[in-house]
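Numbering (this note's numbering), first residue to last: 2 to 211.
Here a beta-carbon is modelled for each residue, glycine too, at the ideal position from N, C-alpha and C.
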């Protein structure tokens, strides 16, 4: 019962996060990095496949399927609306890492090494979004990041209950840490923004005088 509950609420939060992000994107309330999302789509799909290959547990792998579907939908929307821009060195590296993992997995059937390469590519692929959120939190000011973090925590708990090897925990742990980092940057940026606005309002009031 506990396992089913963790799985259900993890999927519910994940789907809700993608739905909210989709609405925020459609309303132009955020400005996500297109290359990060392209890489996330590729890495998420590959990660689900390689995770299942090393874990051999379809139910555990299914926890991450919703992320792959939602990520692909967001990516398609971003690329349809955004103008072409060449990838940065970091973004290009992540694309190459994804291709290397695919080659290892599909050609040489080295599931664990492909999984490791994908795990390394995930935090690197977040760097452009981290930089964007740090420079202007409004680019990623969506409640989706908190929903993803909580959903990942539930997914990690679910995997923790069902896992047979410690290495099965790596993907869920990294995903949770990356999403939590973006949420924290947005949260801090929003607080600092409100503080600056209050300080500016007080300065204007003091300048005008009674």
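Residue 11 versus 68, 192, 46 and 73, residue with shortest Cα-Cα distance: For this step, residue 11 is matched to residue 10 along the chain shown. For residue 11, the nearest C-alpha among the options comes from 68.
Option in 198, 106, 157 and 124 with minimal Cα separation from residue 95: Counting from 1 along the chain shown, the entry for residue 95 is found at position 94. Proximity to residue 95 across 198, 106, 157 and 124 peaks at 124, based on C-alpha coordinates.
Beta strand (DSSP E) runs contained entirely in the stretch 141 to 175, provided each spans 3 or more residues: none
Whole-Å CB distance - residue 79 paired with residue 38, under 8 Å assumed: Mapped onto the chain shown, residue 79 falls at position 78. Mapped onto the chain shown, residue 38 falls at position 37. Confirmed, about 5 Å.
Own chain residues within Cβ distance below 6 Å of residue 102, not counting five before or after: Counting from one through the chain shown, the residue named residue 102 turns up at place 101. Same-chain partners within the cutoff: 47, 115, 118 and 119.
Counted within 10 angstroms of its Cβ, other Cβ atoms place residue 2 as buried (16 or more) or exposed: Here residue 2 refers to the residue found at position 1 of the chain shown. Around the CB of residue 2, fewer than 16 other CB atoms lie within 10 Å, so the residue is classed as exposed.
Whole-angstrom distance between residue 145 and residue 17, CA atom to CA atom: Counting from one through the chain shown, the residue named residue 17 turns up at place 16. Counting from one through the chain shown, the residue named residue 145 turns up at place 144. Using only the alpha carbons, I get a separation of about 8 Å.
Delimiting residues of the alpha helix (DSSP H) encompassing residue 244: No answer is possible for residue 244: it lies beyond the span of the chain, which begins at 2 and ends at 211.
Whether residue 122 touches residue 104 by CB criterion (8 Å): Stepping through the chain shown from its first residue, residue 122 is reached at position 121. Stepping through the chain shown from its first residue, residue 104 is reached at position 103. No, these two residues do not count as a Cβ contact at 8 Å.
Inter-stretch contact (C-beta, 8 Å, three-pair minimum) for the stretch 146 to 156 and the stretch 190 to 199: no
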